[in-house]
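Just below is one structure, and these are the notes that go with it.
There are 2 protein chains.
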Amino acid sequence: MIEDTPVAIATFRDAMARLGAAVHIVTSHGNAGTTGFTATAVCSVTDTPPTLLVCLNRNASAYAAVVENGVLCVNTLASSQQSLSQAFGGKTPMAERFAGGEWTSLQTGSPVLHGAIANFDCRIVEARQVGTHDVLICEAVAILSEADSPGLLYVDRAYHALSLPERL
Amino acid sequence: MIEDTPVAIATFRDAMARLGAAVHIVTSHGNAGTTGFTATAVCSVTDTPPTLLVCLNRNASAYAAVVENGVLCVNTLASSQQSLSQAFGGKTPMAERFAGGEWTSLQTGSPVLHGAIANFDCRIVEARQVGTHDVLICEAVAILSEADSPGLLYVDRAYHALSLPERL
């Protein structure tokens, strides 16, 4: 039998902070404007069809535009792009956030970051509400994966880079 | 306008392989038996209530038991637990998989791995079909996070450990 002892939010956040995760800037462009935010809650769902998911707080400043645009691009950061992660994760005005990087676009028009280790240009096929967040199910319509640099990781509330000697 | 050019599965898999991710053994125990599998497609959804998600292929050997049990435990591996990751990710018989670790339980009865960097004991509140996979929405009912060792990471199809000098 499962007792109904609620888990403290701080306990959950502290335990989750221990998990290493890639860092992404998720961008979107369309009728509702151009926006972008830093995210670690991104994961692969299936390759048939190529689909990933992004968890987004419905209170986030980017939320309305992303959902109305119906498209987004997941730009997975290289270890040299820590300052961009901080800009897109804070209160920096949107224009200033984008000024820190070089951008192109693929199919959806969402900003595609130059120098990222991967770019997943996606249309949102479903938005599923879970508590305070939406789980956005995103089908990739175009992908770039050219940069051969190490990825940026966020673990224990700090940035890290993986270098080859770390391979086990 | 978004053209309907399908993204090749290999392109998607290769790009996804670049993303660093924590490695987990997801276990489940209940009327449908005891099972476990290795997963990297796990992410935090919301802390209100404390909720994470796990993506699971409906063709996986563990799928039926996990969904029928309605509970699971996400055990986030330490860098020393690479061999367990391999055992739970391959074709090793279930009894042999569990023989490689020390296990306890918390509230749901699902096996809780000793020495993991975090254990999230959960009940599954929703299973959402996306392509070949289910996205399992899981509410944490008990959490352990005691081990202070570095986590195991899987990047570029290889295992890695993070050590402190990597901090940027």
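So the sequence lines, in the order shown, correspond to chains X and R.
For the first sequence, numbering that gives the first Met the number 0 gives the first residue as 0, with consecutive numbering after it.
For the second sequence, numbering that gives the first Met the number 0 gives the first residue as 0, with consecutive numbering after it.
We put the beta carbon where it would ideally sit given N, CA and C, even for glycine.
Cβ of Pro-49/R less than 9 Å from any chain X Cβ?
Judged by the 9 Å Cβ criterion, Pro-49/R is in contact with chain X.
Kindly indicate which three-state DSSP category Asn-74/R falls into: helix, strand or coil?
The answer is strand: DSSP assigns Asn-74/R an E or B state.
When you compare each of Pro-5/X, Thr-75/X, Leu-152/X and Cys-42/X to Val-111/X by their alpha carbons, which one comes out closest?
Ranking Pro-5/X, Thr-75/X, Leu-152/X and Cys-42/X by Cα distance to Val-111/X puts Thr-75/X first.
Please confirm whether any heavy atom of the ligand FAD lies closer than 8 Å to the CB of Tyr-153/R.
Summarising the ligand content, the structure contains no ligands, and the ligand FAD is consequently not present.
Contacts that Ala-20/R makes with chain X (C-beta to C-beta distance below 8 Å):
Those within 8 Å of Ala-20/R in chain X are Gly-19, Ala-20, Ala-21 and Cys-42.
Measure how close the beta-carbons of Arg-122/R and Val-140/R come, nearest whole angstrom, since I'm counting them as under 8 Å.
6 Å
Indicate the three-state DSSP secondary structure (helix, strand or coil) for Ser-43/X in the structure shown.
Correct three-state label for Ser-43/X: strand.
From the beta carbon of Thr-75/X, is the nearest beta carbon of chain C less than 9 Å away?
Looking at the structure shown, chain C is missing, and the protein chains on hand are X and R.
Is any beta-carbon of chain R found at less than 9 Å from that of Pro-5/X?
yes
For Ser-82/R, report the span of its alpha helix (DSSP H) as first-last.
81-88
If you reduce the DSSP assignment to three classes, tell me which class Gln-13/R lands in.
The question names Gln, but residue 13/R is Asp in the sequence shown. Here DSSP, grouped into helix, strand and coil, assigns Asp-13/R to helix.
Can the beta-carbon of Phe-119/X be found closer than 9 Å to that of Leu-55/X?
no
So what does Ser-27/X bridge to, in DSSP terms?
Thr-34/X
Let me know the secondary structure DSSP gives Ile-142/R once reduced to three states.
strand
Whose CA, out of Thr-103/X, Val-44/X, Asp-155/X and Tyr-153/X, lies closest to the CA of Cys-72/X?
Thr-103/X
Range covered by the beta strand (DSSP E) that runs through Glu-125/X:
117-129
Asn-68/X: which of Met-93/X, Ser-27/X and Phe-36/X sits nearest, CA to CA?
Ser-27/X
Count the C-beta pairs between the stretch 150-164 of chain X and the stretch 10-24 of chain X that are closer than 8 Å, then say yes if the count reaches three, no if not.
yes
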